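The next block holds one structure in the form of structure tokens; read it before the comments.
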Amino acid sequence: MKKLLISAVAALALLAAAPLAMADAPKQGGQATVTFNNDLTTLDPQVGYDWQNWSVIKSIFDGLMDYKPGTTELVPDLAESYTVSDDGLTYTFKLRDGVKFHNGRTMTSADVKYSFERAVNPATQSPGGGYFGMIAGYDDVVGGKATTLSGIETPDDKTVIFKLTRPDATFLHLMAINFGYVVPKEEVEKAGADWGKKPVGTGAFKFVEWVPGQSIKLERNKDYFRAGVPYLDGVTFEFGQDPTVAVLRLKKGEIDIVGDGIPPAQFAELMADPANKPLIAEGDQLHTGYVTMNVTQPPFDNVKVRQAVNMAINKDRIVRLINNRGVPASQALPPAMPGYNPDNKGYGYDPEGAKKLLAEAGVGEITTELYVMNVDPNPRIAQAIQQDLAAVGIKAEIRSLAQAEVIAAGGAGKAPMIWSGGMAWIADFPDPANFYYGILGCAGAVEGGWNWSRYCNKALDERATKADAMVKDDQKDARIAEWKAIFDDVLKDAPWAPIFNEKRFTYHSERLGGDATLFTDPIHIPVNYDYIYAKDAQ
Amino acid sequence: MLRYLARRLAASLLILLGVSIVTFGLTFMIPADPVAMIAGRNSTPQMRDNIRIQLGLDKPIPEQYARYLGRLVTGNLGMSYARKSEVGPLVVSRLPPTLLLMLGAIIAELLIGIPAGIYAATRRGRFADKAAMTLSFVSVSTPQFVLGLTLLYLFAYLWNWFPLGGYGKLSNLILPALTLGLAGGGWYSRMMRSSMIEVLRNDYIRTARAKGMSEWRVTMKHGFRNAILPIVAMIGLDVGIFMSGVVVVENVFGWPGIGQLMWQAIQSLDIPVIMGVTIVAACFIVLGNLIADLVSPLIDPRIRLR
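Residue numbers (numbering that gives the first Met the number 0), protein chains in the order written: chain A, 0 to 537; chain B, 0 to 305.
Encoded structure:
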């Protein structure tokens, strides 16, 4: 009881202190230490393609566009302003004055051009180069016929003009994705194969050192173009830290953020302690966990069977299984994504209705396989799905495999059903289009693609392309409405059974301050290091 | 002796060649596509083809193996898929921590196993003997991640004796070395006990006792020095046992060695790194076995090299 009282008093004190800290901008100073289990693979913005690399890359580099901290709202970043031509085929960016790379050189339009060409050049092996397929000259560079993109012009040091081969409403989002972050050519060439370990950018933090397998140190970029930012003097990332051990270290005050999130085994205990309330930030993320059904093979070539699977699964029970770290999903798009339809409740839990649909489908006894990644909690979730399916007469055998094997089975179109957990689609950028082409559109329904349902609806593809041709500001709402309609139609065809939308819980030390949205930033995952601050520096 | 050495070295090379074939073959049996892992979920078939050609994965498998072997003999272990950097320097940079951890584990297992074995042997059949042997049984059978987390929780979190994982200071080494070495300690205590019991039965022990030597001196001077010989010969073989243990222990303790590197490479299907670590680990195991074979006759003249 005494303990409880003390923590309650501490919590109140914190609450009381919070408005004071909010009153004016935080003072600069202090350090933060973040732990990750896995080593970072690279800090090369054109190559890195997982959330862990991205969070660090985003603090070292900048793109033409960015998002308001803690939100999904696009704002110009290295660009000061931009204009779009009426046909949506020409984007003109005016660069900000006086942006310097960490090596002291001023960034110019030539650097922007070079960076995009580097992303597209096959020699870079960039997993994101394909995002820039609408820039004129893309095919020549990918095909090896050219090394420069004819669609990027630099009339002067401060102007970059992009010429596109098709209008694309996601283009500004792509200007904010890390594959287009601006890198200095001379440093890339000097470092050669080591460039991914010696990054030089324009970002809020400057790279200091990387001890392989152990740590990466960043320090505040004093010449950062946004005055007063970042607040921290430095951030240290420690690697090889088991999250279970990291939680103990945080409790002892040795570290500030458990980068991998709270391990399932410790979640209930940490959440139950009221003293942890101000230390655990909770936020939405752009994630949906789903079960794919291969629509090219029986029995899932029958839409009634797919709908029956949707109705057979008790999503609430699965959400409880993951300690309520998510909300039941009604549709493919997560609630935080533009285009999410709050009025569409999806398929409710209705085993009787599912049985009726299966009888109508007349497919007889169904025996199938459910592929799942073999890391907790995914096998447990698969078992729950298996039980639910068994209750309506579908026998699903669980195939629990390593991540790469599940991805390979999905890409080869061999898996009748896949539970997406551990490989699930967390959006690369906050736009409904990013949830469509690769995982639900015809483009992804090919050998090695990520559309594991092999769902290819040409009519929807056409509507999607038309929606993305609406690039003008006054068409924004109409475009999102069309995407909403497209996803409603996807749901009717039921190539997936959406299960839940994961929430993010970030556990941080008492020393760190900042809005909860910064600790669960939907873009800077896990944390927006540029805007959090140290309380001991205030 | 020299002829023996030459023959053993040739055999070792053959073993390594076998290892290279097996690891190379295994990576082709994994039902996963490294190109898809590198290219990512937004890739086009054209991008995937480009990468396949760049990695030489479009070539026939025997040709790929020949190229791999050709690079291997010049010490080139290839490029990491995930890190886009050379595997050789990567593995070499992670070796010192692993070797240090193994050295610590060897010291730990000897410090635990030998005294426990001697103590049990001198109190054969009594309570202390049974307790020591039960403990050794428990230590051999405890999974290392359970042991590691338990030690961390007790000695680092609750009692603050040691840091919570990490690398760099001697205090960082003690808990992981203990975790890795405890099983070996249990094993050695059993071997030491039986070896000691056998030695203590010898006539020269009876003679020493008859001379009126103290029991301590009999045990240490005549018993220990003879009983320790078979144990010393075993140490070289520990390298092989530890190589699998370091994968778990290094992960629990945040120890930046090749075990951790291996674990992360397996997760991202970074085949060149997996093969590189396997080859380097195999070299050390072969070397350990070779040393064990060479050392045996030096400490026990009854063993002859032929």
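All residues carry an ideal CB built from backbone N, CA and C; glycine is no exception. Everything numeric in this text was worked out from a predicted model, so none of it was measured.
Query	Result
Kindly list, in the order they appear in chain B, the residues whose Cβ is closer than 8 Å to that of T464(A).	By Cβ distance, chain B contributes nothing, its closest Cβ being about 16 Å from T464(A), past 8 Å.
If distances are taken between C-alpha atoms only, which option among I254(A), Y66(A), D23(A) and P75(A) comes closest to T34(A)?	I254(A)
Just verifying my parser: in three-state terms, what is the DSSP assignment at I256(A)?	strand
Contact criterion: CB-CB distance below 7 Å. Does Y370(A) meet it with respect to chain B?	no
Taking the continuous alpha helix (DSSP H) assigned at W194(A), which residues delimit it?	Element bounds for W194(A): n/a, residue is neither H nor E.
Buried or exposed, going by whether 16 or more other CB atoms sit within 10 Å of the CB of L439(A)?	buried
Compare the C-beta of I52(B) against all C-beta atoms of chain A and say whether one is closer than 7 Å.	no
Under 7 Å, Cβ to Cβ, is there at least one residue of chain B near T41(A)?	yes
From the beta carbon of N49(B), is the nearest beta carbon of chain A less than 7 Å away?	yes
Starting from the beta carbon of S170(B), find every residue of chain A whose beta carbon is closer than 8 Å, and list them in chain order.	What S170(B) touches in chain A: nothing, since even the nearest Cβ is about 14 Å away.
Could you name the residues of chain B that P198(A) contacts, counting a contact when the two beta carbons are closer than 8 Å?	Chain B residues near P198(A): none, gap ~13 Å exceeds 8 Å.
Kindly indicate if chain A contains any beta-carbon less than 7 Å away from that of N75(B).	no
Would you report the Cα separation of S399(A) and G409(A), rounded to the nearest angstrom?	13 Å
Here's the rule: buried if 16 or more other CB atoms are within 10 angstroms of the residue's CB, otherwise exposed. What is F252(B)?	buried
Take A331(A) and list the residues in its own chain whose beta-carbon comes closer than 8 Å to its own, dropping the five residues that flank it on each side.	T287, Y289, F434, L439, F486, V489, L490, W495 and P497
Does the CB of R70(B) have a neighbour CB from chain C at under 7 Å?	No chain C is present in this structure, whose protein chains are A and B.
Could you tell me if E214(B) is buried or exposed, where buried requires 16 or more neighbouring beta carbons within 10 angstroms of its beta carbon?	exposed
Please list the partners that T243(A) has in chain B, where partner means a Cβ-to-Cβ separation under 7 Å.	L148
Are Y166(B) and L247(A) touching if we call contact CB-CB under 7 Å?	no
What's the gap between the Cα of G443(A) and the Cα of G437(A)?	4 Å
Residues of chain A with a CB under 9 Å from the CB of K129(B): which are they?	Simply none; closest approach about 35 Å.
Does Q263(B) have its Cβ less than 7 Å from a Cβ in chain A?	yes
Would you mind telling me which residues of chain A sit closer than 8 Å to L306(B), beta carbon to beta carbon, in chain order?	The question about residue 306(B) has no answer, for chain B in this structure spans 0 to 305.
Identify which residue in R2(B), R40(B) and I230(B) has its Cα closest to the Cα of A407(A).	R40(B)
List the residues that DSSP assigns as beta-bridge partners of K205(A).	E218(A)
Drop a sphere of 10 angstroms on the beta-carbon of W160(B), count the other beta-carbons inside from all chains shown, and report buried for 16 or more, exposed for fewer.	exposed
Are the CB atoms of Q45(A) and F131(A) within a distance shorter than 7 Å?	no
Using DSSP with H/G/I as helix, E/B as strand and the rest coil, what is V74(A)?	strand
Can you check whether the C-beta of K83(B) is within less than 7 Å of a C-beta belonging to chain A?	yes
Which residues in chain A have a C-beta closer than 9 Å to the C-beta of P44(B)? List them in chain order.	V445, E446, G447 and G448
Identify every residue that forms a DSSP beta bridge with D23(A).	Paired residue(s): none; D23(A) is not in a bridge.
Using a Cβ-Cβ cut-off of 7 Å (strictly less than) and excluding sequence neighbours within five positions of D349(A), which residues of its own chain qualify?	M310
Quick one: what's got a C-beta closer than 7 Å to I14(B)'s C-beta in the same chain, skipping five residues either side?	V285
Please list the partners that Y130(A) has in chain B, where partner means a Cβ-to-Cβ separation under 8 Å.	N41
Taking all protein chains shown into account, do 16 or more other C-beta atoms lie within 10 angstroms of the C-beta of A389(A), making it buried, or fewer, making it exposed?	exposed
Using a Cβ-Cβ distance cut-off of 7 Å, determine whether P255(B) contacts chain A.	yes
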